[in-house]
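In the UniProt record's numbering, the protein residues as written are 1 to 171.
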């Protein structure tokens with residue numbers, strides 16, 4: 001019976017494993033430049049409120065409608081300009097009770113500056129920083145994801161809001 005070399009087994013395993021790992025697709029940074037038109041905006045999340053030892057959780061889903069906004073990335077200087085608004089149908093569930101509210105004419109972002117690193121775009125506006133993850137970037141399609149966690153203490157209550165937003169643009 002032949003003995004199999006441990007080194008041969010190790011090299012084989014490494015070779016098989018290395019071939020099965022997919023590299024993240026490269027993102028052509030030049031594609032981001034120009035004016036993007038908002039096509040879709042959806043988000044979901046929850047707000048957890050803790051007060052006097054009690055915890056209440058509100059889950060919500062927002063679906064945009066009447067989208068009429070643009071986002072323009074310029075190179076020198078690296079600025080963004082925005083215009084337009086959108087409306088949202090917000091469905092909130094608290095302890096099994098569902099309510100639906102429409103929030104109309106929400107301004108889409110504000111003008112500011114931007115930087116890109118890997119699959120992230122950081123936008124700074126009005127002293128606020130938002131780090132968007134690039135899900136897709138082609139010559140005519142841009143999909144951004146914005147996970148957000150906000151903590152607030154107010155009147156003895158601790159409020160934590162978690163939001164996952166996805167925005168789809170086209171050129």
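Ideal Cβ positions, reconstructed from N, Cα and C, are used throughout, including at glycine.
{"Asked": "Using the three-state DSSP reduction, which class does residue 117 fall into: helix, strand or coil?", "Found": "strand"}
{"Asked": "Jot down the residue ranges of each uninterrupted beta strand (DSSP E) in the segment 50-121, minimum 3 residues, whole runs only, in chain order.", "Found": "54-73, 79-94, 97-107, 112-117"}
{"Asked": "Please identify the residue among 170, 151, 159, 144 whose C-alpha is closest to the C-alpha of residue 42.", "Found": "144"}
{"Asked": "Tell me which residue opens and which closes the beta strand (DSSP E) that residue 138 is part of.", "Found": "No beta strand (DSSP E) contains residue 138, which DSSP labels as neither H nor E."}
{"Asked": "Please list, in chain order, all residues of the same chain as residue 122 whose beta carbon is under 8 Å from its beta carbon, the five residues on each side excluded.", "Found": "114, 115, 116, 129, 130, 131, 132"}
{"Asked": "How far does the beta strand (DSSP E) with residue 170 in it extend, from its first residue to its last?", "Found": "157-170"}
{"Asked": "Could you name the residues of the same chain whose beta carbon sits closer than 7 Å to that of residue 107, not counting the 5 residues immediately before and after it, in chain order?", "Found": "85"}
{"Asked": "With the cut-off set at 7 Å, would you say residue 58 and residue 88 are in Cβ contact?", "Found": "no"}
{"Asked": "What separation, rounded to the nearest whole angstrom, lies between the Cα atoms of residue 160 and residue 78?", "Found": "33 Å"}
{"Asked": "Count the other CB atoms within 10 Å of the CB of residue 22; is the residue buried (16 or more) or exposed (fewer)?", "Found": "Its pLDDT being 42, under 50, residue 22 is placed unreliably in this model, and the value from its coordinates should be taken loosely. Exposed: under 16 other Cβ atoms inside 10 Å."}
{"Asked": "Give every residue of the same chain whose Cβ lies closer than 6 Å to the Cβ of residue 67, excluding the five residues on either side of it in the sequence, and list them in chain order.", "Found": "38, 86"}
{"Asked": "Would you kindly work out how many angstroms separate the C-alpha atoms of residue 126 and residue 111, rounded to a whole number?", "Found": "8 Å"}
{"Asked": "Quick test of your reading: residue 81 and residue 92, contact by CB under 8 Å. State the CB separation rounded to the nearest angstrom.", "Found": "That pair is no contact at about 33 Å."}
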